[in-house]
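The sequence shown begins at 0 in numbering that gives the first Met the number 0 and counts up by one.
All C-beta atoms in this analysis are idealised placements derived from N, C-alpha and C, irrespective of residue type, glycine included.
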Amino acid sequence: MTLLQSNRLITVQCMIYTVKRLEEFSDWLKGLKDGLARQRLIKRLRKVQLGNFGDVQPVGEGVFEMREHFGPGWRMYYVQRGSFLIVMLGGGDKSTQQSDIRRAIELAKSLED
């Protein structure tokens, strides 16, 4: 997209990411009892589609953790495939973080098979 502003050209590049959800991730998200939390997490995924990943940390073997700082400390786990494909693996909260990370890494490895 190119914009003209005061006789100067400004180029704005927009990167759109495709976010795919594994069934396990979708089931986790649908199963959240807190509807407001679910909506906030879905909003976060929409931001990711526009390239705004927010607070993200690598957790090992190509898996990343999106951290949310509300409620019990929600986490969503993903891998990136190619330049613009994000695959959501699973989710949880701070209390189940270590087992959620192990499961996300297992799921990421199964994608490679």
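When DSSP builds the beta bridges, which residues end up paired with residue i?
| i | result |
| --- | --- |
| Lys-19 | Val-86 |
Where does the unbroken beta strand (DSSP E) through residue i begin, and where does it stop?
| i | result |
| --- | --- |
| Gly-59 | 55 to 59 |
| Gln-79 | 74 to 80 |
| Met-65 | 62 to 66 |
Please confirm whether residue i and residue j have their CB atoms less than 8 Å apart.
| i | j | result |
| --- | --- | --- |
| Leu-106 | Glu-23 | yes |
| Val-18 | Val-47 | yes |
| Val-55 | Glu-64 | yes |
| Glu-67 | Arg-101 | no |
| Ile-104 | Glu-60 | yes |
| Met-75 | Gly-53 | no |
| Leu-8 | Val-86 | no |
Should residue i go down as buried or exposed, given a rule of 16 or more other Cβ atoms within 10 Å for buried?
| i | result |
| --- | --- |
| Ile-41 | exposed |
| Asp-33 | exposed |
| Leu-88 | buried |
| Asp-99 | buried |
Which residues mark the beginning and the end of the alpha helix (DSSP H) in which residue i is found?
| i | result |
| --- | --- |
| Gln-96 | 96 to 111 |
| Gly-34 | 34 to 48 |
Under 8 Å by Cβ, that's how I've got residue i and residue j pegged, so tell me the actual separation to the nearest angstrom.
| i | j | result |
| --- | --- | --- |
| Arg-37 | Leu-28 | 6 Å |
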